Amino acid sequence: MNIQVKTPIKDFKRIQDVPLSQESFDAIQAFPECGGIGMFIGTVRNHHEGKAVQALKYTSYAPVSEKMIRQIEQDIQLKYGVSYVRVIHRVGALEIGEKAIIAIAYAAHRREAFAACEEAVERVKHEVPVWKEEFYMDGTSQYVAGCCIRKDYADSEQMKSHSHHHCEHDFEYSHQHTDDAESIDFTEQEWM
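So for the sequence shown, our numbering puts the first residue at 3; every next one is plus one.
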């Protein structure tokens with residue numbers, strides 16, 4: 003008789019204001035069908051576009067961000083047929099070298115685990131309302147230009163023609179930036 007003991011699945015916040023740890027995730031032992039783990043840990047680096055970065059600060063509207071990350075996780079589980087996808091993003095003040103985001107995917111095979119993990123990171127970075135303010139060694143700071151996450155706005159005539167790709171990967175994801183961030187007006191209902 004083969005009895006499998008299931009480890010209880012943890013309920014944790016996807017947006018956290020405390021240092022991130024891999025211990026937040028469920029143990030691979032809870033998923034005996036999985037033989038591959040894909041993981042990404044993003045840390046704060048000391049430079050951005052030629053400027054020396056001292057620290058940064060992430061802010062977010064947590065209730066909306068939590069909901070969006072959970073939806074992204076579900077979408078990716080279905081798309082890649084993986085057993086487990088989780089993403090945690092840090093908010094608050096972070097120093098150089100601190101973990102800003104951790105994504106993990108468990109799958110039967112490594113290829114699906116890596117692909118699911120990569121897409122989870124890309125989608126969270128491009129779709130979830132998390133804002134990053136960088137503090138530079140010269141005493142200045144600025145919010146890093148974010149991505150438009152409202153499809154109806156991105157498809158409109160108001161959008162500038164500047165577009166680019168953030169990275170190369172198997173799935174296509176491009177977006178556009180606008181020079182007039184003030185013109186975008188979100189209501190809480192649009193996020194729910």
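Glycine included, each C-beta is placed from N, C-alpha and C at the ideal position.
Computed from a predicted model, the values in this text were never measured in an experiment.
According to the DSSP assignment, E114 belongs to the alpha helix (DSSP H) that extends over 112-129. Contact between the segment 128-137 and the segment 55-75 is present, with at least three C-beta pairs closer than 8 Å. Relative to the Cα of D19, the nearest Cα in the group E35, C36, E100 belongs to E100.
Note that the segment 74-88 does not touch the segment 43-61; fewer than 3 beta-carbon pairs, one per stretch, sit closer than 8 Å.
The beta carbon of Q79 sits closer than 6 Å to the beta carbons of V87 from its chain, once the five residues preceding and following it are set aside; these are given in chain order. Boundaries for Y63: no beta strand (DSSP E) harbours it, and the DSSP string shows neither H nor E there.
In chain order, G40, V84, Y86, V87, A115, A118, C119, A122 place their CB closer than 7 Å to the CB of A107, counting only its own chain and leaving out the 5 sequence neighbours on each side. 8 Å or more divides the Cβ of E135 from the Cβ of L22. When rounded, the separation of the alpha-carbon atoms in F42 and K127 is 13 Å.
Distance from the Cα of E97 is smallest, within the candidate group A109, Y145, V46, for V46.
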